[in-house]
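> Protein chains in written order, with UniProt numbering: chain A, 1 to 370; chain B, 1 to 384.
All C-beta atoms in this analysis are idealised placements derived from N, C-alpha and C, irrespective of residue type, glycine included.
Following this message is one structure expressed as structure tokens.
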Amino acid sequence: MSDIFAEAPAQSTKPTIFYDGTSSRRRQVTLAFGDALEIAEEGAAPVRWAYADIRRADSPPGILRLACTTAPPLARLEIRDAALAADVTARCLRLDEHRTSRRGVAKIVGWSVAAAVSIVCVVMFGVPLAADRLAPLVPKPVERRIGDAAEVQMKTIFGRNGCEDPAGKAAFTKLVNRLRDAAGLDDDSMTAGVLPTPVPNAFALPGGKVYVLKGLLDKADSPDELAGILSHELGHLKHYDNMRGLIYNGGTSFLIGLLFGDVTGSSAVIFASRSLVEASYSREAETAADTFAIEIMHKLGRSPKPAAELMFRITGKEGGSTLTTILASHPLTEDRLARMTREDRPASGPPLLTDKEWQSLKLICGSGKV
Amino acid sequence: MNDMQWTPIGSEPIPPPLPPACVDFSGNRSEFRKMVTKGAMLELVTFGFYRFWLVTDIRRHLWALTAIDGDAAEYTGRAKELLVGFLFALAILMPIYLAYFLIGIEFERWQGFASTPLFIGFYAFGQFAIFRARRYRLTRTVWRGVRFWMDGSGWAYSFRAMAWGLLVFLTLGLALPWREAALERYKMQHSHYGDLRGDFEGDGWTFFKRAWWLWLLSPIALFIFPLAPFFYAEFKARQWRWWLDGIRIGDVSLSSNLPHDAFYGLYWKVIGWWLLLSTAFGFYIGGATMLAVKLGGVPAEEMFTPGNTSKSIPILVMMVIGYFAVALAVNIIMRIYLQRDLWAKVLETVEVHNIGAAADVRGGGQIASALGEGFADGLDVAGF
């Protein structure tokens, strides 16, 4: 047995090893080049691999490792002798056929770019369109349920019970009803309230809920100021902005996540590109709500300017850097003020609330501090 | 010597215990650097889609250049499998996200922020993904013509991980060694090499004894920030060594003499590079702004006012380019130091005992799909 190796010292120092793919036994073999590659182990029938079926497998430098497409998938032949390896390589013409070639890489790049372009197009044109078309079709009960959930959340943050002073409530209802009629919102389930928190803000929730926070009420000097803000929020309701935003945000974050390979969207790139895209969409919605507010105020014969002045008193001048401008979800307050000032007209209609009603509205959360 | 041992067929007296076999990693560092640099660039132009190919190339490189007892391993996974797995995972995750959203709304109606615990569901999913991703990688690992494989259930693993996670949470992290031991035992006992079954003999107590003082000292790192990398490196080295010492496959066992300070250099190099890149990025942005001011003739303070948007666009473009360049460089650095160098550093300390037990193992086991890797990718969890 051992004298065969004695005659071929080159093979014994750099052995050729064969694994048959069913066992991890290291089989020392000799190769013969017939019309197929013959792999012969002492005392066993030779295994024949057709040259055309032989493929290269990953290996460290100095070892040629071969697999065969018609053999068991894990069968491996390891040739350590350089001259023998060169002999085998010369005979196997399809050795590297399965590898990723330069063309393969180009194909990957091409398809990825195509996928990215189509995703970007969908984010820019498809999703806004879908949001605009779908939002009005969302059944009212579904919208209301989402609104209920948001309402509970808001109340957890801003105080559980709305402000309920009867005289103030009556004045608030009167104001809201006048605006609602002017806005042509025939949603009888619409609710509005004041929440006792010093944060100066107002928001609209899905399902026709409008909330004014007490901080805003405290800073407001006239019914017109408050009315302008309220009609802006009614504009959001009228345009289904909540549902549109929901569909839009869900859609874009999913698609951008798809692009960068992270569905939850937690990495920085995704966060950054999402905020850019979504802020621009929300700025459009805010501008549209402003337009709506201007229309309503004109219809009621009042000026939209006081509302912008109230906003300006709260936020101050906002513009500072490009980054905040691009990332801002609302248009800059100074731009809104400028716009509403252009739309300023002398009052032609009756005041929205009497002085007395306005005073009681200011006290809707009680006279004490929050 | 090996020839003597393997050639005889049939019954033979058991050979005397051999000296432990070594694990050699013969990877060329500059070759790896070239591979990840090219890969990172392709990742950039393909918006990240190339990651499947790059990850596969990295694994093929690391596996093929790692020789155990003189025979190199092989990674037989392919990028297309990962891509398909990712797409399948997306198809499954999409309705789950929708359901999460709808159930969340119902919870929120009932009580504000009541849906927050639902997020735990995603954590459980992440644990499932970690198990299945390991199964994928293991079934693509071939040594001497026989593959590793894994059975067991991803959900059973996830349940264990969650229960132990709760315990770790309740004990402020003290139970972590026991969690690691229990989870690794589950994973290893369901791992196989051909007809050899794996096991994990590391126990929580040993790990605890090696690392408890790090747990005590860790609050200090919150105040003295530069200590944190030392602590983390120390912890990781102790964890690796404990893990390797515990691994058994049939009668084959591993041991490692990884020094406790083995990773100090690696982590500090990464931090150093990161600082360097951040500084360079800062200078770049400063320079770009100055250039724009000079060319545009608009003072720096007015550059960013709304009226000058058209003038500030070039700066934005330059910022974005700079950001991508930094992201690319960080990507390359992380892969070189924390994958390749860590791999090399750990492997050079590993010894394999009684490798003869794996001399004639019958192959078996089914290959697993890449769905787990897809989930891990989609949920952004990393596990091992």
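Buried or exposed for W110 of chain B, please, with buried defined as at least 16 other CB atoms from any protein chain shown within 10 angstroms of its CB.
exposed
> Hey, which unbroken runs of the alpha helix (DSSP H) at 4 residues or more fall wholly within the segment 141 to 208 of chain B?
For the segment 141 to 208 of chain B, whole alpha helix (DSSP H) runs of length 4 or above, ordered along the chain, are 154 to 170 and 176 to 189.
> Just how far apart, CA to CA, sit A89 of chain B and S112 of chain A?
18 Å
> Determine the direct distance from the alpha carbon of E151 of chain A to that of E357 of chain A, and round the result to whole angstroms.
27 Å
> Have a look at B:S253, B:L166 and B:L65 and flag the residue whose alpha-carbon is nearest the alpha-carbon of N354 of chain B.
Minimum Cα-Cα distance from N354 of chain B among the listed residues B:S253, B:L166 and B:L65 corresponds to B:S253.
> Which residues in the same chain have their Cβ closer than 6 Å to the Cβ of V168 of chain B, if we skip the five residues on either side of it in sequence?
Correct list, in chain order: A175, L176 and R179.
> Which term fits S26 of chain B, buried or exposed, when burial requires 16 or more other beta carbons within 10 angstroms of its beta carbon?
exposed
> Following the continuous alpha helix (DSSP H) through G110 of chain A, name the residue where it begins and the one where it ends.
R102 to C121
> What is the DSSP secondary structure of A237 of chain B, counted as helix, strand or coil?
helix
> Pull out every residue of the segment 130 to 157 of chain B whose Cβ sits closer than 8 Å to any Cβ of chain A, in chain order.
V142, W143, R144, G145, V146 and R147
> Taking the beta carbon of G202 of chain B as the centre, do at least 16 other beta carbons fall within 10 Å, making it buried, or is it exposed?
buried
> Can you pull the chain B residues whose beta carbon is under 7 Å from the beta carbon of A149 of chain A, in chain order?
I105, E108 and R109
> So, with DSSP's three-state summary, where would you put F375 of chain B?
helix
> Between A370 of chain B and chain A, is any beta-carbon pair separated by less than 8 Å?
no
> Give me whichever residues DSSP pairs with I249 of chain B in a beta bridge.
B:G198 and B:V252
> Given that a residue counts as buried once 16 or more other Cβ atoms are within 10 Å of its Cβ, and exposed if not, what is S266 of chain A?
Model confidence at S266 of chain A stands at a pLDDT of 48, short of 50, so the residue's coordinates are unreliable; what they give is reported in the following sentence. Label assigned to S266 of chain A: exposed.
> Alpha carbon to alpha carbon, what distance is there between L93 of chain A and C51 of chain A?
In the sequence under discussion, the amino acid at residue 51 of chain A is Tyr, which differs from the Cys named in the question. Computed Cα separation, rounded: 7 Å.
> So what's R60 of chain B in DSSP terms, helix, strand or just coil?
helix
> Starting from the N-terminal side, write out each stretch of the alpha helix (DSSP H) that is 4 residues or longer and does not extend beyond the segment 119 to 193 of chain A.
Uninterrupted alpha helix (DSSP H) stretches at least 4 residues long and entirely within the segment 119 to 193 of chain A occur at 127 to 134, 140 to 158 and 166 to 183, given in chain order.
> Beta carbons nearer than 7 Å to chain A: which residues of the segment 14 to 44 of chain B have them?
Those would be S26 and L42, in chain order.
> Is there at least one Cβ from chain A nearer than 8 Å to W273 of chain B's Cβ?
Residue contact with chain A for W273 of chain B: absent (no Cβ-Cβ distance below 8 Å to any residue of chain A).
> Given a cut-off of 8 Å on the beta-carbon distance, is the pair A220 of chain A and R302 of chain A in contact?
no
> Which of the residues in the segment 178 to 193 of chain B, read from start to end, lie with their CB under 9 Å from any CB of chain E?
Judged by its chain identifiers, the structure shown contains no chain E, and its protein chains are A and B.
> Among B:L291, B:E74 and B:G250, which residue has its Cα nearest to the Cα of M318 of chain B?
Ranking B:L291, B:E74 and B:G250 by CA distance to the CA of M318 of chain B puts B:L291 first.
> Quick check on DSSP: helix, strand or coil for D58 of chain A?
DSSP, reduced to helix, strand and coil, places D58 of chain A outside both helices and strands of the structure shown, so it counts as coil.
> What do you reckon, are the CB atoms on G34 of chain A and A71 of chain A nearer than 8 Å?
no
> Taking the alpha carbon of residue 372 of chain A as the point to measure from, which residue in A:C365, A:I294, A:S222 and A:L310 has its own alpha carbon closest?
Since the first residue of chain A shown is 1 and the last is 370, residue 372 of chain A is not available in this structure.
> Who are R132 of chain B's beta bridge partners in DSSP?
The partner list for R132 of chain B (beta bridge, DSSP) is empty, contrary to what the question assumes.
> Applying the 10 Å Cβ sphere with the 16-neighbour rule, what's the burial state of C365 of chain A?
buried
> Could you tell me the boundaries of the beta strand (DSSP E) in which L118 of chain B lies?
Premise fails: L118 of chain B is in no beta strand (DSSP E) and is neither H nor E.
> Among residues of its own chain, excluding the 5 on either side of Q366 of chain B, which ones have a beta-carbon nearer than 6 Å to its beta-carbon?
none
> Using a threshold of 8 Å, state whether the C-beta atoms of V350 of chain B and V142 of chain B are closer than that.
no
> Less than 8 Å separating the beta-carbons of K299 of chain A and M340 of chain A?
no
> Within 10 angstroms of its Cβ, does S153 of chain B collect 16 or more other Cβ (buried), or is it exposed?
Counting other Cβ atoms within 10 Å of its Cβ, S153 of chain B stays below 16 and is therefore classed as exposed.
> So with Cβ pairs under 8 Å, would you call residue 437 of chain A a contact of chain B?
Outside the displayed range of chain A (1 to 370) lies residue 437 of chain A, so it cannot be described from this structure.
> Tell me the start and end of each unbroken alpha helix (DSSP H) in the segment 329 to 359 of chain A that is at least 4 residues and wholly inside, in chain order.
333 to 342
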